[in-house]
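Worksheet: the structure to be examined is printed underneath.
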Amino acid sequence: MSAEREGELEKSLGPLMIWGLGVGYVISGEYFGWNLGLAEGGPYGMLVATLIVTLMYLCFTLSYAELACALPGAGGAHVYGKAAYGERFGLTVGLAQLIEFVFAPPAIAFAIGGYLQSYLPGVPALYLAMIAYIIFTGLNAWGVKLSAMFELVMTLFAVTELLIFCGVALPEFEWSHFSHNPLPNGWWGVLPSLPFAIWFYLALEGIANVAEEARDPQRDISRGFIYALATLVTLAILVFFSAVGVAGWEAIVYTDATQSVTSDSPLPLAIARVVGEGHLLYHLLVTVGLFGLVASFHGIILVAGRATMDFGRQGYLPSALSRVHVERRTPINALLINMLVGFGALLTGKTGEIITLACFGALTLYALSMLSLMKLRREQPELPRPYEAPLYPLFPAIAFILATLCLGAVSYYNQGVALVYLALMSSGYLLASALHLRHRR
């Protein structure tokens, strides 16, 4: 087997599996996390934040798909930044991408561990989260086709359950409930609500990182982006109104009468107001809700492995991380190192801060990728573009402006996490630059 073949990933993904991966990366955000933004902005403020973020993702996704089709590669945003502005810029956007993809799974693992603890109360949630990491890292290492098929099945279960929830809750919607205490912190509450609105769509861009494994990346990647975005926007709007309109926003944010304990399970809280906690539908929602967490956890582990592998290829990380298993055609070393980093994040016990850290990486990626798109359009007009961003340059400009504004707002309201993010970016840049210099020599 040639050296070139040994570095290749298996090309086995069609548009349906790419759609399943795209929705699966994100769908846990429909089940938990977004409801905490209601405490900041209320239903009106959170709705405005969600509409702003939805517009950002609409413009970003339809623009980012052009880059993914023109330059298909496992490195995703790193590849585009390097092609547009050179090594340093590519390294910066690649580091932001790594921080997003490597730190999002531990946050979801915590939720999985907490969920399973209700069935296994004698086992600490931390241990259950680590066991989940080992299982799904192993599944990803076994083969991309099996991983994508598993992801598709989990995603279909999770989407179906969300539609059942909306079908049960929407008939009980009352405007008086939805509009109760609509702006607890005034319209300024929109700004601190933004990170929680981003959770509705975080990691959708991971579709681009499986381009090397698509059977026809120039066609299937753009379709996967568009179909996944349409699915997620529809689900986000339905879930938001269904959950809040049943008994008001406080009922899906707090678990106690004193409103001092927040919940990561808004949908069970809402459905319990409709059918009661003993009803079959309640238990179905709680059980199938785990599928949504698993789909996102498993999917982001997959795409994080590809991003880490690409950094190993480029010499920004040790070359051992670029190796692909001879038989399985998967980046097994990259998957393992990401799991170890995830264990370290789990040991901090700071789920909320880990989610916010992933948001910092995502927003940096969005803004810099749009700059890459505009630079490539201007200076490389001959580059083959099987898919082109609609309404160019309006859409990428809107995505860039909104991503920059959201990054500023998240930094202002999370200054401690912002400093951690800057420290990670700075130290990562210096280390990767040193490794890359040695690699070139």
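So for the sequence shown, this note's numbering puts the first residue at 59; every next one is plus one. Beta carbons are placed, not taken as given, at the ideal position from N, Cα and C, and that holds for glycine. Everything numeric in this text was worked out from a predicted model, so none of it was measured.
Identify whether residue i lies in helix, strand or coil by the three-state DSSP scheme.
i    : result
L129 : coil
A2   : The chain is shown only over 59 to 499; residue 2 falls outside these bounds and no answer can be derived.
L71  : strand
N472 : coil
H337 : coil
G37  : Residue 37 lies beyond the stretch modelled for the chain, which goes from 59 to 499, so this question has no answer here.
F90  : coil
V344 : helix
R146 : helix
R498 : helix
S237 : coil
Q175 : helix
Y424 : helix
With residue i and residue j assumed to form a contact (beta carbons below 8 Å), what rounded beta-carbon distance in angstroms separates them?
i    : j    : result
A447 : E124 : 5 Å
G80  : A286 : 3 Å
A392 : L252 : Rounded, the Cβ-Cβ distance is 31 Å, inconsistent with contact.
N396 : A362 : 5 Å
V111 : F258 : 7 Å
F2   : I359 : There is no way to answer for residue 2, as the model of the chain reaches only from 59 to 499.
Whose C-beta lies closer than 6 Å to the C-beta of residue i among residues of the same chain, with five residues either side of it excluded?
i    : result
V478 : none
E411 : V475
C127 : Q276, I279, S280, P444, Y445
T422 : A154
N93  : I310, V311, P324
E158 : A416, G419, A420
A216 : I85, F349, G350, A353
Tell me the rounded alpha-carbon separation between residue i and residue j.
i    : j    : result
G338 : G347 : The sequence as given places Leu at residue 338; Gly does not occur at that position. Those two C-alpha atoms are separated by around 14 Å.
T409 : I170 : 12 Å
E335 : H341 : 7 Å
L379 : A199 : 13 Å
L149 : F168 : 30 Å
G172 : G180 : 12 Å
G357 : A141 : 27 Å
V211 : E437 : 42 Å
P73  : N267 : 14 Å
G87  : I166 : 9 Å
P376 : L156 : 15 Å
P242 : L204 : 47 Å
L426 : L463 : 13 Å
Q372 : A227 : 50 Å
G131 : F299 : 38 Å
A135 : V332 : 44 Å
E95  : M104 : Reading the sequence as shown, one finds Gly at residue 95 and not Glu. G95 and M104: Cα-Cα distance of roughly 6 Å.
I'd like to confirm the pairing. Which residues does DSSP put opposite residue i in its beta bridges?
i    : result
Y312 : T320
Could you check whether the Cβ of residue i sits closer than 7 Å to any heavy atom belonging to the ligand MG?
i    : result
I310 : In the structure shown, the ligand MG is absent, as is every other ligand, since no ligand is present at all.
For residue i, which residues from the same chain have a beta carbon less than 7 Å from its beta carbon, with the 5 sequence-adjacent residues on both sides left out?
i   : result
Y89 : L325, G347, G350, L351
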